[in-house]
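> Respectively, the protein sequence lines represent chains F and R. Counting from 1, position 47 in the first sequence corresponds to residue 47 in the UniProt record's numbering; the numbering is continuous, with no gaps. Counting from 1, position 188 in the second sequence corresponds to residue 188 in the UniProt record's numbering; the numbering is continuous, with no gaps. Cβ coordinates follow ideal geometry from the N, Cα and C atoms, glycine included. Right, I'll just put the structure down here and ask away after.
2 protein chains.
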Amino acid sequence: MSTAVADHLLARKDAVLERLMALLRLPSVSTDPAYAEGMAATRNFLTARLRELGLQKVQLLDGGGQPAVYGEWLGAPGQPTIIIYGHYDVQPPDPLDRWVTPPFEPAIRDGRLYARGASDVKGSTLIAVETVGAFLAAEGKCPVNVKLFLEGEEETGSPSIRRIIERHRDLLAADAMLSADGGRASTSLPTLNTGSRGLCKLEVTLRSAGKDMHSGRYGGAVRNALHEMARLVASQHDAQGRIQVAGFDEDAAPLTERDRADAAALAGDEAAFYASTGALPHGDPAYGVRERVTLRPTIDVNGLWGGYTGAGSKTVIPAEAQAKITARLVPGQDPDRARDCIVAHLRSHCPEGVELFFSPPGGNSPSATLPEGHPLLVAAEAVVRETQGRDPVRARIGGTLPITGIFREMLGIDTLMFGFAMPDEDVHAPNEFFRLSSLEEGLRAWPLLLSRIGQSSAADFAPWRHATQA
Amino acid sequence: MSTAVADHLLARKDAVLERLMALLRLPSVSTDPAYAEGMAATRNFLTARLRELGLQKVQLLDGGGQPAVYGEWLGAPGQPTIIIYGHYDVQPPDPLDRWVTPPFEPAIRDGRLYARGASDVKGSTLIAVETVGAFLAAEGKCPVNVKLFLEGEEETGSPSIRRIIERHRDLLAADAMLSADGGRASTSLPTLNTGSRGLCKLEVTLRSAGKDMHSGRYGGAVRNALHEMARLVASQHDAQGRIQVAGFDEDAAPLTERDRADAAALAGDEAAFYASTGALPHGDPAYGVRERVTLRPTIDVNGLWGGYTGAGSKTVIPAEAQAKITARLVPGQDPDRARDCIVAHLRSHCPEGVELFFSPPGGNSPSATLPEGHPLLVAAEAVVRETQGRDPVRARIGGTLPITGIFREMLGIDTLMFGFAMPDEDVHAPNEFFRLSSLEEGLRAWPLLLSRIGQSSAADFAPWRHATQA
Numbered sequence: 001m002s003t004a005v006a007d008h009l010l011a012r013k014d015a016v017l018e019r020l021m022a023l024l025r026l027p028s029v030s031t032d033p034a035y036a037e038g039m040a041a042t043r044n045f046l047t048a049r050l051r052e053l054g055l056q057k058v059q060l061l062d063g064g065g066q067p068a069v070y071g072e073w074l075g076a077p078g079q080p081t082i083i084i085y086g087h088y089d090v091q092p093p094d095p096l097d098r099w100v101t102p103p104f105e106p107a108i109r110d111g112r113l114y115a116r117g118a119s120d121v122k123g124s125t126l127i128a129v130e131t132v133g134a135f136l137a138a139e140g141k142c143p144v145n146v147k148l149f150l151e152g153e154e155e156t157g158s159p160s161i162r163r164i165i166e167r168h169r170d171l172l173a174a175d176a177m178l179s180a181d182g183g184r185a186s187t188s189l190p191t192l193n194t195g196s197r198g199l200c201k202l203e204v205t206l207r208s209a210g211k212d213m214h215s216g217r218y219g220g221a222v223r224n225a226l227h228e229m230a231r232l233v234a235s236q237h238d239a240q241g242r243i244q245v246a247g248f249d250e251d252a253a254p255l256t257e258r259d260r261a262d263a264a265a266l267a268g269d270e271a272a273f274y275a276s277t278g279a280l281p282h283g284d285p286a287y288g289v290r291e292r293v294t295l296r297p298t299i300d301v302n303g304l305w306g307g308y309t310g311a312g313s314k315t316v317i318p319a320e321a322q323a324k325i326t327a328r329l330v331p332g333q334d335p336d337r338a339r340d341c342i343v344a345h346l347r348s349h350c351p352e353g354v355e356l357f358f359s360p361p362g363g364n365s366p367s368a369t370l371p372e373g374h375p376l377l378v379a380a381e382a383v384v385r386e387t388q389g390r391d392p393v394r395a396r397i398g399g400t401l402p403i404t405g406i407f408r409e410m411l412g413i414d415t416l417m418f419g420f421a422m423p424d425e426d427v428h429a430p431n432e433f434f435r436l437s438s439l440e441e442g443l444r445a446w447p448l449l450l451s452r453i454g455q456s457s458a459a460d461f462a463p464w465r466h467a468t469q470a
Numbered sequence: 001m002s003t004a005v006a007d008h009l010l011a012r013k014d015a016v017l018e019r020l021m022a023l024l025r026l027p028s029v030s031t032d033p034a035y036a037e038g039m040a041a042t043r044n045f046l047t048a049r050l051r052e053l054g055l056q057k058v059q060l061l062d063g064g065g066q067p068a069v070y071g072e073w074l075g076a077p078g079q080p081t082i083i084i085y086g087h088y089d090v091q092p093p094d095p096l097d098r099w100v101t102p103p104f105e106p107a108i109r110d111g112r113l114y115a116r117g118a119s120d121v122k123g124s125t126l127i128a129v130e131t132v133g134a135f136l137a138a139e140g141k142c143p144v145n146v147k148l149f150l151e152g153e154e155e156t157g158s159p160s161i162r163r164i165i166e167r168h169r170d171l172l173a174a175d176a177m178l179s180a181d182g183g184r185a186s187t188s189l190p191t192l193n194t195g196s197r198g199l200c201k202l203e204v205t206l207r208s209a210g211k212d213m214h215s216g217r218y219g220g221a222v223r224n225a226l227h228e229m230a231r232l233v234a235s236q237h238d239a240q241g242r243i244q245v246a247g248f249d250e251d252a253a254p255l256t257e258r259d260r261a262d263a264a265a266l267a268g269d270e271a272a273f274y275a276s277t278g279a280l281p282h283g284d285p286a287y288g289v290r291e292r293v294t295l296r297p298t299i300d301v302n303g304l305w306g307g308y309t310g311a312g313s314k315t316v317i318p319a320e321a322q323a324k325i326t327a328r329l330v331p332g333q334d335p336d337r338a339r340d341c342i343v344a345h346l347r348s349h350c351p352e353g354v355e356l357f358f359s360p361p362g363g364n365s366p367s368a369t370l371p372e373g374h375p376l377l378v379a380a381e382a383v384v385r386e387t388q389g390r391d392p393v394r395a396r397i398g399g400t401l402p403i404t405g406i407f408r409e410m411l412g413i414d415t416l417m418f419g420f421a422m423p424d425e426d427v428h429a430p431n432e433f434f435r436l437s438s439l440e441e442g443l444r445a446w447p448l449l450l451s452r453i454g455q456s457s458a459a460d461f462a463p464w465r466h467a468t469q470a
């Protein structure tokens, strides 16, 4: 593969770093309206840069929330059209007093660039943007058609992304998506993200009486909603943490030998994994820790409440208890069926007369997987081999990337995550940083990746496209 | 027994009713500072009345909160000295729009006097006060020495009662206490309250990790504080509601034949008992419903919370969960030991590494019982026989009356509850009422009771006095 564009970029990496620092100086906190000015300034910075690099149709795509920044280059007819995804918003910087240097004053120490958003994900986003610009500057063209899509509300759960896509379905038509988000899984091994867990959610309200009761008058002769909720929650797992919900994981794809080998390669330092949160090891002993958190489904109660929760005591027998539950899903599991299994389990374990009410289904995401043989996967593995001298370990993300599911559902395309963040870079925390070495690696790898994808035609992607929902 | 004083009182019952209505017009809501004026006006009304009736040392006893109203008559040397307890504060009247007539404008309909505080407990309190006055008016003396003690913060949990007693220990020295609070247990049978359940409280914080975790990163491999708390709560009872806490009810006095017969007589309409709250029958099948709610101990989780409880979902694995627990106790159970049993149970059911933190012990009350043969019990049973033509059914209160325990602990005296409220009078609710027939019954019975107690001497009470804590 020609390294000409990569060389062109790397020769200018100081300028890229300066631009990244300028971008990091703009406080684009999407969760807090106080930062509206920083958000707008960031959009201005990006649209100006996209125009400067020679992209066309540079514009803001508005879905009623924070608009996405868009720009395209479609000068390669017959070649694949690739959406390049990044996001320009960042997490709030609090707690401010724990930062060694201020969050929006980028500072370099020991080969690390410290700033809010450096790792998540302005660093990798700028690598992708500059790569496109370098092709246009050095060669006057890109190996693929490019649609840059830089979201502004990833950190707030992408509330308007569906409306943005809906309103700009034609503009966003593409063969596949490359994401600058979803970083690397290891600081020591070359890895490639090939998928993420899905999610299903439910809220359950349990009612054991028409109203709260006084324990002096009723205590001993009535059901207590919190006792009943506790029994239901406890029934979902055994003492080892194995899920006891009938049917729930029946469709979960069994782990392949490759899955287990990849998980073993990424097992890492389990003691450090637990020590970082003071958590206690737990879960199905048939699987290793890395397998449990990436390749196996889970059910977690995320919130539970009922009765009196104020100061002091109140001798009430609560009539109602509530719980928020989410499940992480793996390939093979249908989110609606997973939810139905949980609902059925809770209903079947609920004593007669105790009522359960469930939130309407919605907001679920299936697990995402880049299938074996997909041109993006083939290209990316080749690039990792070339740049790092060995096959990448395939990693799956234990979390859920709703974007991936939404683009697949609405535009029929799969996503390859090709971000350069590392797992230890304190994203969402004080002193977030991005390695300067990662910047360099990204500037080398992204041009190679686009070149490699350009060796396929648009037609090569056709068999991999999914049906979209109307 | 002479009915002269009762006859004197009953001949003036219209005037008593008018005074009760005047008292009910004063909005003495102790829980809400907005009613400070109503509280003060009520104290003025009562101190004026006590002086008018010829009581001495009429004064306010201040413990830093709402003062108690006090007055005494000690003109019967050698006779027993009896504290007569009532309370002048009432519950808030909300929801106001559900009252047929305004809560502080007493109204008579169908032989019932509607007003906030009519049943709880200004009606019975005034009966007691007027009884003392009638003795002094009709006979120039009382059959016993009387210390009227009218509390002003019963509805707020008596926060300063201990300080009041502490500051006025000598003034309050007595042989026993008669309470106008703690009404009758049945609308159809003569009953006598002989005791109440005790209470112990604890709060438990469970910690399974140093901080909340993201279920995408940790889900499947760590303990979830809410799952662990649910298992602990569920472990306290079996599916029938039988307590599973080792040792907890070991010291509970077994039910006697008389206990069971009294409970059976008061079983009442169980369907109506449950229908009133929409609750589901539950609990130890070895005991009847009335037994379960008055004669057997309970453990109830009154509040439980942890994790994310706001709108929408948050994929957090909570590191901490909290629960408030109270237990109702019966004769034989020591509150500290009961609490220790619950703590030991939770600790022994808690997986290694999961931490439990308990609130410091405090605010516990033992179960109260007026012992067989106590002069107050003997006198009261005789009065019920005389006025109602049959032996009363002995009833125990399922709730806890901290006053009883505090007077026993601090002054060494037992309490007989001799209130005339009925269990269906909507106390603490809109349209609270007191039966005019109950007013008449009270005005007849209280003089007889004081006369009957006057047949004992102070010396007769000596064996029944308890040691007090220094």
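Assuming residue 473 of chain F contacts F/Leu9 (C-beta within less than 8 Å), just tell me the rounded distance between them.
Because chain F spans 1 through 470 in this model, residue 473 of chain F falls outside it and cannot be assessed.
> Let me know the alpha helix (DSSP H) ranges lying completely inside the segment 237-306 of chain F, each 4 residues or longer, listed in chain order.
Segments of the alpha helix (DSSP H) lying fully in the segment 237-306 of chain F: 257-265, 270-275, 289-294.
> R/His466: buried (16+ other C-beta within 10 angstroms of its C-beta) or exposed?
The residue in question, R/His466, is exposed, as its Cβ has fewer than 16 Cβ neighbours within 10 Å.
> Residues of chain F with CB under 7 Å from R/Lys147, in chain order?
Result: empty, since nearest Cβ-Cβ is about 28 Å, beyond 7 Å.
> Given that a residue counts as buried once 16 or more other Cβ atoms are within 10 Å of its Cβ, and exposed if not, what is F/Pro27?
Per the 10 Å Cβ criterion, buried.
> Using CA coordinates, which residue listed in R/Pro371, R/Tyr274, R/Pro297 is at the minimum distance from R/Asp249?
For R/Asp249, the nearest C-alpha among the options comes from R/Pro297.
> F/Thr81: buried (16+ other C-beta within 10 angstroms of its C-beta) or exposed?
Buried is the call here.
> Return no unless some Cβ of chain F is closer than 8 Å to the Cβ of R/Gly140.
Chain F, which has no Cβ nearer than 8 Å to the Cβ of R/Gly140, makes this no.
> With a threshold of 8 Å between beta carbons, is R/Gly198 in contact with chain C?
Absent from the structure: chain C. Protein chains present are F and R.
> Indicate whether at least one CB of chain R lies closer than 8 Å to the CB of F/Ala279.
Cβ-Cβ to chain R under 8 Å: yes for F/Ala279.
> Identify the residues that DSSP records as bridge partners of R/Arg394: which are they?
DSSP lists R/Leu192 as partners of R/Arg394.
> Give every residue of the same chain whose Cβ lies closer than 7 Å to the Cβ of R/Pro402, excluding the five residues on either side of it in the sequence, and list them in chain order.
Within the same chain, R/Pro402 has close Cβ partners Ser158, Ser365.
> Pull up the distance between the alpha-carbon of F/Glu291 and that of F/Leu329, whole angstroms please.
In a straight line, the C-alpha of F/Glu291 is about 13 Å away from that of F/Leu329.
> Closer than 8 Å, Cβ to any Cβ of chain R: which residues of the segment 372-402 of chain F, in chain order?
Per Cβ criterion, the list reads Ile397, Gly398, Gly399, Thr400.
> Assign F/His227 to one of three DSSP states: helix, strand, or coil.
In the structure shown, F/His227 sits in a helix (DSSP, three-state: H, G or I).
> Taking the alpha-carbon positions, what's the F/Arg242 to R/Leu232 distance?
When rounded, the distance between both Cα atoms is 17 Å.
> Express the C-alpha separation of F/Ala107 and F/Arg435 in angstroms, rounding to a whole number.
Roughly 12 Å between the two C-alpha positions.
> Please report the straight-line C-alpha distance between R/Asp238 and F/Leu202, rounded to a whole angstrom.
Going from the Cα of R/Asp238 to the Cα of F/Leu202 covers about 27 Å.
> Return the first residue and the last residue of the beta strand (DSSP E) that F/Asn364 is part of.
From DSSP, F/Asn364 is part of no beta strand (DSSP E); its letter is neither H nor E.
> Quick check: the Cα distance between R/Asp414 and R/Leu377, rounded to an integer number of angstroms?
Their backbone Cα atoms lie some 10 Å apart in a straight line.
> From F/Val129 to R/Ala319, what distance separates their C-alpha atoms?
Distance between the alpha carbons of F/Val129 and R/Ala319: 40 Å.
> In whole angstroms, what separates the C-alpha of R/Ala283 from that of R/Pro361?
The identity of residue 283 of chain R in the sequence shown is Gly, whereas the question assumes Ala. So the two alpha carbons sit approximately 27 Å from each other.
> Taking a cut of 9 Å between CB atoms, which residues from the segment 231-242 of chain F lie near chain R?
Listed by position, the residues of the segment 231-242 of chain F near chain R (Cβ gap below 9 Å) are Arg231, Leu232, Val233, Ala234, Ser235, Gln236, His237, Ala239, Gly241.
> Just mark R/Gln244 as buried or exposed, buried being the case when its beta carbon has 16 or more other beta carbons within 10 Å.
Looking at its Cβ environment, which holds fewer than 16 other Cβ atoms inside 10 Å, R/Gln244 is exposed.
> DSSP state of F/Arg112, grouped into three classes?
If DSSP states are grouped into helix, strand and coil, F/Arg112 belongs with the strands.
> Starting from R/Phe461 and walking both ways along the alpha helix (DSSP H), at which residues does that stretch end?
R/Phe461 -> alpha helix (DSSP H) spans 458-461.
> Please confirm whether F/Thr315 has its beta-carbon closer than 8 Å to some beta-carbon of chain R.
Judged by the 8 Å Cβ criterion, F/Thr315 is in contact with chain R.
> If we require 3 or more residues per run, which beta strand (DSSP E) segments fall completely within the segment 366-452 of chain R?
Segments of the beta strand (DSSP E) lying fully in the segment 366-452 of chain R: 393-397, 415-417, 433-435.
> Tell me which residues of the segment 331-356 of chain R have at least one Cβ-Cβ distance to chain F shorter than 7 Å, keeping chain order.
If the cut-off is 7 Å between Cβ atoms, the segment 331-356 of chain R has Gly353, Val354 near chain F.
> Would you kindly work out how many angstroms separate the C-alpha atoms of R/Gly405 and R/Ala137, rounded to a whole number?
When rounded, the distance between both Cα atoms is 34 Å.
> Rounded to the nearest angstrom, what separates R/Gln240 and F/Leu226 at their Cα positions?
Computed Cα separation, rounded: 15 Å.
> May I ask you to report which of helix, strand or coil DSSP gives R/Leu136?
R/Leu136 falls in the helix class under three-state DSSP.
> Under 6 Å Cβ to Cβ from F/Gly63, same chain only, skipping five residues before and after it: list those, please.
The answer, listed in chain order, is Ser160, Arg163, Ile164.
> Give the interface partners of F/Arg292 over in chain R, defined as CB-CB distance under 7 Å, in chain order.
What F/Arg292 touches in chain R: Gly220, Ala221.
> Express the C-alpha separation of R/Phe357 and R/Ala344 in angstroms, rounding to a whole number.
Their Cα atoms are separated by approximately 12 Å.
> Along the beta strand (DSSP E) that carries R/Ser179, what are the first and last residues, could you check?
Start and end: 176-179.
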